[in-house]
Structures are given as C-alpha cells and as structure tokens.
Amino acid sequence: MKRLMDIVGAAGLLLGSSPLLALTALAIWLEDGGPVFFTQMRAGKNGDPFRIVKFRTLETGPKDPTRPSDHATRIGTFLRRWAIDELPQLWNVLCGEMSLVGPRPPLPSQVEKYSSQERRRLKVRPGLTGWAQIHGRNALPWSDRIALDVWYVQNRSLTLDLRILLRTPAVLLSHTGVSGPNGRNPRLRPSDSNRPSS
Numbered sequence: 752m753k754r755l756m757d758i759v760g761a762a763g764l765l766l767g768s769s770p771l772l773a774l775t776a777l778a779i780w781l782e783d784g785g786p787v788f789f790t791q792m793r794a795g796k797n798g799d800p801f802r803i804v805k806f807r808t809l810e811t812g813p814k815d816p817t818r819p820s821d822h823a824t825r826i827g828t829f830l831r832r833w834a835i836d837e838l839p840q841l842w843n844v845l846c847g848e849m850s851l852v853g854p855r856p857p858l859p860s861q862v863e864k865y866s867s868q869e870r871r872r873l874k875v876r877p878g879l880t881g882w883a884q885i886h887g888r889n890a891l892p893w894s895d896r897i898a899l900d901v902w903y904v905q906n907r908s909l910t911l912d913l914r915i916l917l918r919t920p921a922v923l924l925s926h927t928g929v930s931g932p933n934g935r936n937p938r939l940r941p942s943d944s945n946r947p948s949s
C-alpha cells in the first residue's frame, strides 16, 4: 500500500506541478545558464546507491560544503526556501528509489562511517519528507535527526505517513529549519565535512 501511495502521489504531483517545474527550469537557465538540474549519488534502502535529482540552487565552481547559502544563486535561495528544488525527486519516487515519506538520503561516503544506530535509517526507502523534516529540518543537530529518523523506522505506518504528509505544507510555509545558524549546514560537523546533506 505504501508503494501504491508513492506511485499515485508522485505521478499526481508531477502532473500538477509541471507548469511550476517548467518555469523553475527556465528561471535557473535565464539567471546564469549552466545545468538546470543537480544530480548526486546517494544511499537508498539497505545502502544501495542511486542518483538523486534536484534543481540546481548553487553557483558552479568550488564551494565550502559547510556554508551552502554563501554560494546560492538568487533563484536558488528562493527554491531552497520553499523546497521547490526537491520536486524533481518525485521522479526518484516513481522509479522506486525513494518514497514520499522517509529519512532523507545520505551520501554513500557517509554510510561507510555509520554507527549501528545510524544504519537503522537504511531499513526503509529515503523520503522527500519525513519525521525529522516536520520537527525542525536543517535546524536540527545531526544526533536529533538520527533519533527522529530511527523512531520513524521503528514506528512507521501508513497512518504516520499521512500525518507527516499533512504537516509538511505547514512546515514549508513557516520556513522552519531552512538553514542553520550563520547560513551553515547544521548537519555538517566542523570535524566531519562528509556529513550527508539533503
């Protein structure tokens, strides 16, 4: 039933948001050209790698991974604020690599360093939104995100997924946890620049 909900939901959202997707792609191209999409290898269920798709929000060239907001384009800042950059991941949902609800997908390099507690996040498909996303998003310390994600994995149900989906729009409208203090990515600890990002 969860997979059916993913297929129906992702297909409906892709169809309904197609004008927004087209306008977003055009806006990115008009601002600075370059690639419209950003792709990156992430770890899915059981750690299986897949290529995530997002709208590009950062300038091209070298960047400080702990300060993504310093490199965001003007349209990119807007897209990140409203999570519009995440919409192309609906394709990942249709392909079965992601789910509408689940922990955010980590980097494969980080999974190699996971503790046994952190590896529990990998028991389900990663999601567009999740329990951690509606409880603070990027403003949460990594340990809190792990605890929330593990709680979701242990208590997951269709009812819980529906609760998360219903609460997600309110979180987006409130702009909760768009970025961490001073524009830093709070999921990146100073001693570990390989922490995963959403």
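Residue numbers (my numbering): 752 to 949.
Note that the Cβ used here is the ideal one computed from N, Cα and C, for glycine as well.
None of the values given here were measured: they were computed from a predicted structure.
Going by DSSP, what residue range makes up the alpha helix (DSSP H) through residue i?
{"i": "residue 844", "result": "840 to 845"}
{"i": "residue 768", "result": "Segment: none, residue 768 is in no alpha helix (DSSP H) and carries neither H nor E."}
{"i": "residue 862", "result": "859 to 862"}
{"i": "residue 825", "result": "825 to 833"}
{"i": "residue 897", "result": "893 to 906"}
{"i": "residue 875", "result": "Taken as a continuous stretch (DSSP letters only), residue 875 belongs to no alpha helix (DSSP H), as it is neither H nor E."}
Kindly indicate which three-state DSSP category residue i falls into: helix, strand or coil?
{"i": "residue 793", "result": "strand"}
{"i": "residue 851", "result": "strand"}
{"i": "residue 759", "result": "helix"}
{"i": "residue 804", "result": "strand"}
Along the chain, where does the beta strand (DSSP E) that runs through residue i open and close?
{"i": "residue 878", "result": "878 to 880"}
Buried or exposed: which applies to residue i, given that a residue is buried once 16 or more other Cβ atoms fall within 10 Å of its Cβ?
{"i": "residue 805", "result": "buried"}
{"i": "residue 921", "result": "exposed"}
{"i": "residue 889", "result": "buried"}
{"i": "residue 942", "result": "At residue 942 the pLDDT is 34, less than 50, meaning the model places this residue with poor confidence and gives no usable figure here."}
{"i": "residue 821", "result": "exposed"}
Output needed for residue i: all residues of its chain with C-beta closer than 8 angstroms, excluding positions within five of it in sequence on either side, in chain order.
{"i": "residue 840", "result": "803, 804, 805, 849 and 879"}
{"i": "residue 792", "result": "800, 801, 802, 803, 858 and 859"}
Leaving out five residues before and five after residue i in sequence, what residues of the same chain have Cβ atoms less than 6 angstroms from its Cβ?
{"i": "residue 884", "result": "none"}
{"i": "residue 764", "result": "841"}
{"i": "residue 785", "result": "811"}
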